[in-house]
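Note sheet for the following structure.
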Amino acid sequence: SAYHQTPYAAPAGQVYHHTPYAPPVGQVAPAGHADPASVNGFIAKWKLLGEAQSLLLGLDPAAQHKVMVEFAPRDTSRDVNAIFCKFAQGVAQKGGRGPAAA
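FYI, in the working numbering the residues of the sequence shown are 401 to 502.
Right under this line is the structure:
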């Protein structure tokens with residue numbers, strides 16, 4: 401019929417907008433709880449070492465989710481472990497709420 405739309409079509413007159421970061425479907429569990437596969441993927445992506453891994457795994461679920469979504473260092477050509485630790489500690493001190501300090 402004339403009203404049939406494909407599952408991915410935007411409603412008439414509307415345009416879908418991207419958010420700056422949209423995790424792949426299934427990567428982040430609902431309610432801010434990161435699933436183990438997502439955490440492991442994040443660790444591998446950023447090549448996090450022992451201290452950084454321990455810090456990530458020790459965060460409460462809301463802070464862990466926030467860190468994984470918002471961590472985006474400008475210079476990715478160098479080791480990001482120290483930058484990650486500082487960022488994650490800042491998020492942890494704020495309890496995973498509100499925008500993190502740069």
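Just so it is clear, CB atoms sit at the ideal spot from N, CA and C, and this is done for glycine as well.
Between Ala463 and Asn481, the C-beta spacing is not below 7 angstroms.
Taking a 10 Å sphere around the C-beta of Leu457, we find fewer than 16 other C-beta atoms and assign the residue as exposed. Looking at Asp475, Gly450, Thr476, Val467, the one whose alpha-carbon comes closest to that of Ala488 is Val467. When the five nearest sequence neighbours on each side are left out, the beta carbons in the same chain lying within less than 7 angstroms of the beta carbon of Phe484 are those of Trp446, Leu448, Ala452, Phe471, in order along the chain. Counting every other CB atom within 10 Å of its CB across the protein chains shown gives Ala444 a total below 16, marking it as exposed. If you draw a straight line from the Cα of Pro461 to the Cα of Pro436, it comes to about 11 angstroms. Taking a 10 Å sphere around the C-beta of Ser477, we find fewer than 16 other C-beta atoms and assign the residue as exposed.
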